[in-house]
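All residue numbers for the sequence shown refer to this note's numbering, where the first residue is 1 and numbers rise by one. All C-beta atoms in this analysis are idealised placements derived from N, C-alpha and C, irrespective of residue type, glycine included. This structure is a prediction, so every number in the text was calculated from the model and none was measured. Before any comments, here is the structure.
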Amino acid sequence: RAALEAAMATLKDGGRLFRLPADAGCRLVEVVVETPLTAEAGEGAHASDHADIEAEYRFECAEPGRLVQMQLGLFEAFPETQRLQVQFVGPRGQSAAELTAASPVLRF
Numbered sequence: 001r002a003a004l005e006a007a008m009a010t011l012k013d014g015g016r017l018f019r020l021p022a023d024a025g026c027r028l029v030e031v032v033v034e035t036p037l038t039a040e041a042g043e044g045a046h047a048s049d050h051a052d053i054e055a056e057y058r059f060e061c062a063e064p065g066r067l068v069q070m071q072l073g074l075f076e077a078f079p080e081t082q083r084l085q086v087q088f089v090g091p092r093g094q095s096a097a098e099l100t101a102a103s104p105v106l107r108f
């Protein structure tokens with residue numbers, strides 16, 4: 001239970017997990033982190049059950065044209081994470097990348 005609560009708290013700190021260029025003027029405006037394993041999810045879930053954790057983050061940027069990359073702090077926050085496969089859609093179309101602790105920057 002303690003590990004789950006710590007992970008949920010870390011995931012709610014979007015500013016730590018996603019670092020955007022300062023000159024883009026971005027601010028985190030919404031974070032939603034959910035899992036059926038939390039007490040709020042009801043009595044049917046147990047800590048030993050497998051379940052996903054879903055997290056959504058919404059940033060608003062004053063200068064979105066300057067948003068050219070994002071550095072992920074997920075590898076620092078969750079050191080056992082080995083890689084992330086990212087798919088995204090941006091002004092230049094669809095793209096994908098594989099990020100690791102040695103290469104944690106997503107370029108748009």
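Residue i versus residue j - alpha carbon distance
i: Ile53; j: Leu4; result: 10 Å
i: Ala51; j: Thr38; result: 10 Å
i: Ala97; j: Met70; result: 12 Å
i: Pro64; j: Met8; result: 29 Å
i: Arg92; j: Thr10; result: 31 Å
i: Ala22; j: Val29; result: 16 Å
i: Val31; j: Ala55; result: 7 Å
i: Ala100; j: Arg19; result: Reading off the sequence, residue 100 comes out as Thr, not Ala. Taking the straight line from one Cα to the other gives about 15 Å.
i: Ala6; j: Ser103; result: 25 Å
Nearest neighbour of residue i, chosen from the options [CA to CA]
i: Ala76; options: Ala51, Cys61, Val68 and Val105; result: The residue you asked about is not Ala; residue 76 is Glu in the sequence shown. Among Ala51, Cys61, Val68 and Val105, the Cα nearest to that of Glu76 is on Val105.
i: Gly15; options: Thr35, Arg58 and Thr38; result: Arg58
i: Leu72; options: Ala2, Asp13, Ala62 and Arg92; result: Asp13
i: Ala24; options: Ala6, Pro36, Ala101 and Cys61; result: Cys61
i: Phe88; options: Leu74, Arg107, Pro36 and Thr81; result: Arg107
i: Ser95; options: Gln85, Arg66 and Ser103; result: Gln85
i: Ala17; options: Arg66, Val68 and Phe78; result: Strictly speaking, residue 17 in this sequence is Leu, with Ala absent from that position. Minimum Cα distance to Leu17 is reached at Phe78.
Residues sharing a beta bridge with residue i, DSSP
i: Glu34; result: Glu54
i: Met70; result: Leu106
i: Ala97; result: Val86
i: Arg27; result: Glu60
Helix, strand or coil at residue i according to DSSP, with G and I counted as helix
i: Arg1; result: coil
i: Glu76; result: helix
i: Arg19; result: strand
i: Thr10; result: helix
Below-8 Å beta-carbon distance, residue i vs any chain D residue
i: Arg107; result: Any reference to chain D falls outside this structure, which holds one protein chain only.
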